[in-house]
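First up is the structure itself, then whatever we jot down about it.
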Amino acid sequence: MKLNFCLSIGLAIFAFQAKAQQDMPHNFVYLKEFIPTIILDMRYFGSHNFTGRPIQGYEKPVAILTKRAALALRQVENYLNKRGLALKIFDAYRPQRAVDHFKAWSLATKDTIAKRDFYPLLDKKNLFKLGFIASKSGHSRGSTVDLTLIDLTNNRELDMGGPFDFFGDISHHNYSKLTAKQKENRKILRETMAKFGFKAYDKEWWHYTLQDEPYRKTYFDFIVK
């Protein structure tokens, strides 16, 4: 009897934990609802990404962040709007299962359908070793975002000198072989994000994390839906 009781309690705890991994925590928000003017281009919901396929954990093309990160990003958007610019989001919160999908994809070395657009100069088998793919991502903590700038007069992306999610030196902030305009566009994005509390990632011009992020050691796995 005691064994059955303990088993029942164990199953109940497991079910609760599983549900918790599926439900969005109350202090996360949908960016489009929180910042109506923001533009979304959620690459991992579709196939225009380095795997060439939709990614596990993305069931809708929506962007989610912690409320604290969203508040800061709203300040960025308002500041840019007054200067004729706006943000376009490529990715925000990323479920751990999506990160696991990336890792599994990196090990399938013959699957290279998106190589030409995203890693033409690299051998796929080295992507994990070189740090382009990892077992954990700051995105899963909920306060990291991938983005670029657009011109409000025509809704076109500013020229950053390289595409989002390109694996190579051209994506690094210190890449020197850029035009003056490309350097200036990256500088505008970096300085504006820093002004409102976001730190850049040196190897990816599009990647920013809220410095005062609320979950520094928690990696979530609820589905983007």
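As numbered in the numbering used here, residues 2 to 226 make up the sequence shown, in order. Every residue, glycine too, gets a C-beta built ideally from N, C-alpha and C.
- Residues Ala201 of the same chain have their beta carbon placed closer than 6 Å to that of Arg191, with the five preceding and five following residues left out of the count.
- Counting along the chain, the unbroken beta strand (DSSP E) around Ile151 starts and ends at 145-152.
- Put simply, the backbone Cα of Asn127 is about 43 Å away from that of Lys83.
- Assignment of Tyr59 by DSSP, reduced to helix, strand and coil, places it in the strand class.
- Taking the CA atoms as reference points, Lys137 sits about 11 Å from Phe221.
- Between the region 33-40 and the region 87-95 there are three or more inter-stretch CB-CB distances shorter than 8 Å, so the stretches are counted as touching.
- DSSP places Phe29 inside the beta strand (DSSP E), whose first and last residues are 29-31.
- Its Cα nearest to that of His174, the residue Tyr209 stands out among Thr154, Leu153, Tyr209, Ser141.
- For Thr193, the enclosing alpha helix (DSSP H) has its first and last residue at 181-196.
- In this structure, Val63 sits near Tyr31, with a CB-CB distance shorter than 7 Å.
- Fewer than three beta-carbon pairs drawn from the region 106-122 and the region 57-75 are found closer than 8 Å, and the two stretches are therefore not classed as touching.
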